[in-house]
Amino acid sequence: MDYKKRMEEIAAELLKHQHLYYVQARPEISDKAYDRLFDELANLEKRFPQYASINSPIRRVGSDLDNTFPEKTHGVPVLSLDKLYHPEELGQWLLKTAAAAASNIGFTIEEKIDGASIVLYYDRGELQYALTRGNGLLGNDVSANVRTISQVPLRIAESSPLAVRGEIYITRPDFECFNSGMAEKYANPRNLAAGSLRNLKSALTAKVPLNIFVYEGFFQNESIPDHLDILQRLAQLGFRVNPRLGFFSDDDAKRLQARRMFPAITAAPLASVQEYLRRQAATRRELPYDIDGLVVKVVEMNIRQELGTTAHHPRWAMAYKFDSPQGRTILLDIQVQIGRNGRVTPVALLKPVALSGSTVTRATLHNQDYINMLELGIGDEVSISKRGDVIPAVDDVLEKGDSHPSIYKIPEYCPFCSTPLVKEGAHHFCKNDTCPERRRRGLNYFCAKEQMDIEALGEKTIALLFAKGWVQSIPDIYSFDYAMLAGEEGFKEKKIARIRAGVASSKTRPFARVLAALGLDGVASAAANALIAHGFDSMDKIIAAAKKNDWEIFAAIEGIGETTGRLLVGHFSKPENLQLISSLKEMGLKFATEEKAAPRINNAFAGQIWVITGSLAKFIPRSLAAAEIEKRGGRVLENVSTRTTHLLRGANPGSKLARAEKNHVKIISENDFLRLLRKK
Ligand SMILES: [Zn+2]
2 MDYKKRMEEI
12 AAELLKHQHL
22 YYVQARPEIS
32 DKAYDRLFDE
42 LANLEKRFPQ
52 YASINSPIRR
62 VGSDLDNTFP
72 EKTHGVPVLS
82 LDKLYHPEEL
92 GQWLLKTAAA
102 AASNIGFTIE
112 EKIDGASIVL
122 YYDRGELQYA
132 LTRGNGLLGN
142 DVSANVRTIS
152 QVPLRIAESS
162 PLAVRGEIYI
172 TRPDFECFNS
182 GMAEKYANPR
192 NLAAGSLRNL
202 KSALTAKVPL
212 NIFVYEGFFQ
222 NESIPDHLDI
232 LQRLAQLGFR
242 VNPRLGFFSD
252 DDAKRLQARR
262 MFPAITAAPL
272 ASVQEYLRRQ
282 AATRRELPYD
292 IDGLVVKVVE
302 MNIRQELGTT
312 AHHPRWAMAY
322 KFDSPQGRTI
332 LLDIQVQIGR
342 NGRVTPVALL
352 KPVALSGSTV
362 TRATLHNQDY
372 INMLELGIGD
382 EVSISKRGDV
392 IPAVDDVLEK
402 GDSHPSIYKI
412 PEYCPFCSTP
422 LVKEGAHHFC
432 KNDTCPERRR
442 RGLNYFCAKE
452 QMDIEALGEK
462 TIALLFAKGW
472 VQSIPDIYSF
482 DYAMLAGEEG
492 FKEKKIARIR
502 AGVASSKTRP
512 FARVLAALGL
522 DGVASAAANA
532 LIAHGFDSMD
542 KIIAAAKKND
552 WEIFAAIEGI
562 GETTGRLLVG
572 HFSKPENLQL
582 ISSLKEMGLK
592 FATEEKAAPR
602 INNAFAGQIW
612 VITGSLAKFI
622 PRSLAAAEIE
632 KRGGRVLENV
642 STRTTHLLRG
652 ANPGSKLARA
662 EKNHVKIISE
672 NDFLRLLRKK
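Last residue of the sequence shown: 681 in our numbering, with the numbers rising by one and none dropped.
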């Protein structure tokens, strides 16, 4: 059997059926018959990998191999569009453009899908590669992920080179359904679509129900005179073209022709453009997918040529955006912040912009994945918003700057200690425990209001003390002679006295606060309180359990769990942490919860030493009986000795009873005990 030929036959057959199913929505064979063909090809590809095509329909299911997304140069101009925010402005732009032309020209109005922009490159009838928009000159090669999108044709009946621009998107119902099952939720369908294109494993992308609409085609060996002809050709080649299309021209013949080509098109004279724009804007929520505007384009290619482009935009097209961005500004730089636990947070430094009553100069960028999703680079014009009115966020790139590389990359090394940064999950980390920035952050955390509450040691003062080398670690806070600050600007006697008083009073903070203030991973205030509530009321007890490597005893505590349990064992068996704790103990910080001394009632039991054995009927637990003895000046010990004076005997006493009898200790029953308590 000619396996190579057979594989090609099945591949062609499967691609045909994929197209019928996913693009045309009219399947011709049963799922079972399809699966049989698919399995046959999958098996053959395993046996003869040398015959497998890069565009085999098997690629639709993706792979578990890690993707890399190398930058590639775009083969066609990938310009962004100029934008207007009012239908009137757009109507005027359109009329002006029409008036400048020598003849009656036509315009399409297309939906601006809110998804991820993509450029597909074909040659010899095969999809060669797919690039993100990037900065318009360079994009990232996301081919393996794009090949999993069933609506993207892998083979086409066009042998000369062709580039196709389109938008990858997910419908709102699919988004709701898919996102609800995700551990890390996406904020909106656009973020999910863009994020999916950058999945490290294409098998994951294959699971996301992604769609595509294409809207521009660049046929290399052919000049097609009209945009509508191009759209029609693309549709004939198997691409999905959005049927919701408007066509506006004062040329009757052109309108007639447009209707013939696209029966669902709205074709009307120029005068009705504004009404159309308004209607589209008003009904956009009824669509199953998000659109953020409409795009108006001149259809005649020769007119497009004449109008040309500016440095950034074509002059023959204009976007009408429904919502003006809440704030638009320029990304001046990106600062890498390292937290006390080593987590890296990229922070956008923005050209100051007014936004809902305040001036915004910084915004969070979360992590590298978020930056990749936005294809964000320094110098880009961005839109920002305040979500829930807290920390401003960069939402979108409005206009790429001329930055290179087009996407900002978090540096490979920690900017503070030069340790290589490590990516874990979505975030990068500096894993160096002695990183100066992590230590400085740790000091801030220790002194903050929620922890030790040393108000006079604010971030600025700590930064100074740290830079001078005076306070490098937590014990330094307690050993440093603050008189040395006297020479520094802004440190008058009063301020220094306030620092001293703050440091001194922090020694009275309870154990739970001290434990959390150490800033150990997983041991914030909730975990500290849970430990204490479950009997780990002193550092010694915690260290003793850690020494036994007994993470399970921690994990059993409600609110701790296995991960934190293991972290606790790690933290409290590390020599440097034990050293830190013992230094702080010496300095007078509290490492045990205070036992509340019971108020004394009288001295009836003064000088007596009691031991309790067996189970008591009235005092459950037995510690209640012990408390009564202590309230009357007596002491309670665990074991009988020669010093023991009284034994409180409950039911089923243990070996303590025999011992007590041998030592001639007074044996007291529970009833006698109650009688003694009533005595004054
Ligand atoms: Zn570092």
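C-beta atoms are modelled at their ideal positions from N, C-alpha and C, and glycine is treated no differently.
When the Cα atoms are used, VAL147 and LEU121 turn out to be separated by approximately 9 Å. For the pair CYS448 and LEU579, the Cα-to-Cα distance works out to about 20 Å. Distance from the Cα of ALA652 is smallest, within the candidate group ALA487, GLU671 and ASN604, for GLU671. Bounds of the beta strand (DSSP E) holding ASP124 are 117-124.
DSSP places MET540 within a helical segment (H, G or I) once states are collapsed to three. Closest option to LEU466, judged by alpha-carbon separation, among ILE455, GLU451, LYS450 and LEU486: LEU486.
LYS186 counts as exposed, since fewer than 16 other beta carbons sit within 10 angstroms of its beta carbon. Judged by pairs of C-beta atoms under 8 Å, the region 557-574 touches the region 514-524, as three or more such pairs exist. Unbroken beta strand (DSSP E) runs of no fewer than 3 residues, entirely contained in the region 279-312, are found at 292-299, following chain order. Beta-bridge partners assigned by DSSP to GLY378: none are found. Burial is judged here by how many other beta carbons sit within 10 angstroms of a residue's own beta carbon; GLY426 has fewer than 16 and is exposed. Secondary structure note for SER181: its alpha helix (DSSP H) is the uninterrupted segment 173-181. Considered as a whole, the region 547-583 harbours 552-556 and 562-572 as its complete alpha helix (DSSP H) runs of no fewer than 4 residues, in chain order.
Assignment of beta-bridge partners to VAL165 by DSSP yields LEU121 and GLY218.
For secondary structure counted as the alpha helix (DSSP H) over 4 or more consecutive residues, the region 71-117 holds these complete runs in sequence order: 88-101. Counted as a single uninterrupted DSSP element, the stretch harbouring HIS665 is not any alpha helix (DSSP H), since DSSP gives it neither H nor E. Inter-segment contact for the region 390-399 and the region 351-365 is present: three or more beta-carbon pairs are separated by less than 8 Å. Separation of PHE555 and ILE613 (C-alpha to C-alpha, rounded to the nearest whole angstrom) is 30 Å. As computed with DSSP, VAL612 is found in a beta bridge with LEU648. In the three-state scheme derived from DSSP, where H, G and I count as helix and E and B as strand, ILE463 is classed as helix. At a threshold of 7 Å, PHE447 does not count as near ligand 1, since its beta carbon sits no closer than that to any of the ligand's heavy atoms. In this structure, the beta-carbon distance from HIS429 to GLN336 does not fall below 8 Å. Distance check between VAL215 and each of ALA254, GLU223, LEU193 and PRO154 places PRO154 closest, using alpha-carbon atoms only. Judged by beta-carbon spacing, GLY107 lies beyond the 8 Å limit of PHE220, meaning their Cβ atoms are not closer than that value. In the three-state DSSP reduction, MET485 falls in the helix class (H, G or I). Of the candidates LEU232, ARG256, LEU132 and ASP253, the residue whose Cα lies closest to the Cα of ALA195 is LEU132. DSSP places TYR479 in the uninterrupted alpha helix (DSSP H) bounded by 475-480.
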